[in-house]
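Numbering follows full-length UniProt numbering, in which position 149 of the sequence shown is assigned residue number 149; successive positions increment by one, without gaps. The beta carbon of each residue, even a glycine, is placed where N, CA and C say it ideally should be.
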Amino acid sequence: MYLPPSPAVRAPCPASSCFVFSYLHIIVKTQLFVKGARCTQGAIVLKSGQSAPCAARFAKKGEYLLMKVLLINGSPHEKGCTYTALSLIAGELNASGIETEILNVGTKPVGGCIGCGGCAAGKGCVFGGVVNEAIEKAKTADAFVFGTPVHYASASGNMTSFMDRLAYAGGKYLAYKPAAICASARRAGTTTTLDQLVKYPEFFHMPLVSGSYWPMVHGSKPEQVLEDEEGCAVMRELGRNMAWLLKCIELGKANGITHPENPRRPMTNFIR
Numbered sequence: 001m002y003l004p005p006s007p008a009v010r011a012p013c014p015a016s017s018c019f020v021f022s023y024l025h026i027i028v029k030t031q032l033f034v035k036g037a038r039c040t041q042g043a044i045v046l047k048s049g050q051s052a053p054c055a056a057r058f059a060k061k062g063e064y065l066l067m068k069v070l071l072i073n074g075s076p077h078e079k080g081c082t083y084t085a086l087s088l089i090a091g092e093l094n095a096s097g098i099e100t101e102i103l104n105v106g107t108k109p110v111g112g113c114i115g116c117g118g119c120a121a122g123k124g125c126v127f128g129g130v131v132n133e134a135i136e137k138a139k140t141a142d143a144f145v146f147g148t149p150v151h152y153a154s155a156s157g158n159m160t161s162f163m164d165r166l167a168y169a170g171g172k173y174l175a176y177k178p179a180a181i182c183a184s185a186r187r188a189g190t191t192t193t194l195d196q197l198v199k200y201p202e203f204f205h206m207p208l209v210s211g212s213y214w215p216m217v218h219g220s221k222p223e224q225v226l227e228d229e230e231g232c233a234v235m236r237e238l239g240r241n242m243a244w245l246l247k248c249i250e251l252g253k254a255n256g257i258t259h260p261e262n263p264r265r266p267m268t269n270f271i272r
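Pasting the structure below:
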């Protein structure tokens, strides 16, 4: 594989009528294409015998869709500090040609899971609401970012309830998709909150995207968060690293590489 000198160059695919912009990051010499044709990733072919995967992926009936990341905001303040952190991540994803959506789950009450098993019928959580809305979005999302404010050294109550129900009723739509987490606090409790949030992606074979430090920002107002230069830098790292990983996964799919089919794990009896 060859990395071109200017990875941010954009060019429309001449063989596509959908006007998807191709991000020309990697030239794959192992697939032979005619110049001007479109590869399986919907990217422009620069030269005969080469293709350039981008952020577009093949859909049914010849349509091309951008990859999409769903960002979950667990804050009761819809446009507060957690939103600010998520927006920094989303900005880097957008700059790489990846669509984003921030879904707020913190502004309305979200009841917890009662373990009724009703979701086993395959129709989502029996209590409906934002959890089922998220499950529908998760079906077509390629990756996720879970963000929460710190409440008493843990995720917000709504975020905890949401994550429990999302995982139980819609975990199969999270499986094998990249995930990132982040926490926002005025002062402390971030690391324990991150320890809580990370448990969910670890349960569903989700590759965890990280940066150069624990993913947290500090401040009691959005403008204070933006003054946390180190925290903001880490948020941007998460966005760039997730974009890189998503493109690697899509490139792998184009070359016949998919996630492993793991067998159901045995359940240990701890009191036997």
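- Secondary structure of PHE203 (DSSP, three-state): helix.
- Counting along the chain, the unbroken beta strand (DSSP E) around GLY147 starts and ends at 143-151.
- By the neighbour-count criterion, in which 16 or more other beta carbons inside 10 Å mark a residue as buried, ARG186 falls on the exposed side.
- When the beta-carbon positions are compared, MET242 and ALA85 stay at least 7 Å from each other.
- The beta carbon of GLU230 sits closer than 8 Å to those of TYR213, all from its chain and outside the five residues before and after it, given in chain order.
- By the CB criterion at 7 Å, VAL69 and LEU93 fall inside the cutoff.
- In the displayed model, ALA155 falls within a strand according to three-state DSSP.
- When the Cα atoms are used, MET216 and GLY189 turn out to be separated by approximately 10 Å.
- Per the coordinates, the alpha-carbon of GLN196 lies some 7 Å from the alpha-carbon of SER154.
- Annotation: VAL145 to ALA179 spans about 6 Å, alpha carbon to alpha carbon.
- In its chain, beyond the 5 residues on either side, ILE181 and LEU208 have a beta carbon closer than 8 Å to the beta carbon of VAL198.
- Annotation: the region 67-97 contains the following complete segments of the beta strand (DSSP E) (minimum length 3 residues), in chain order: 68-73.
- Secondary structure at ASN132: helix, using DSSP grouped into helix, strand and coil.
- The DSSP-derived three-state label of THR100 is strand.
- By a beta-carbon distance limit of 8 Å, LEU71 does not contact GLY170. Their separation comes to about 16 Å.
- Taking all protein chains shown into account, HIS218 has 16 or more neighbouring C-beta atoms within 10 Å of its C-beta and is therefore buried.
- DSSP places ALA188 in the coil class of the three-state scheme, outside both helix and strand.
- Distances from the alpha-carbon of ASN262 to those of ALA233, GLU250, GLU99 and ALA175 put ALA175 closest.
- With respect to the C-alpha of ALA233, the residue from ALA90, HIS77 and GLY80 having the closest C-alpha is ALA90.
- At the C-beta level, SER184 and CYS116 stay beyond 7 Å of one another.
- Buried is the label assigned to ASN73, since at least 16 other Cβ atoms lie within 10 Å of its Cβ.
- Take THR107, set aside five residues on each side of it, and the residues of its chain with a beta-carbon closer than 7 Å to its own are PRO76 and GLU78, in chain order.
- If you look at MET267, you'll find it isn't in any beta strand (DSSP E); DSSP assigns it neither H nor E.
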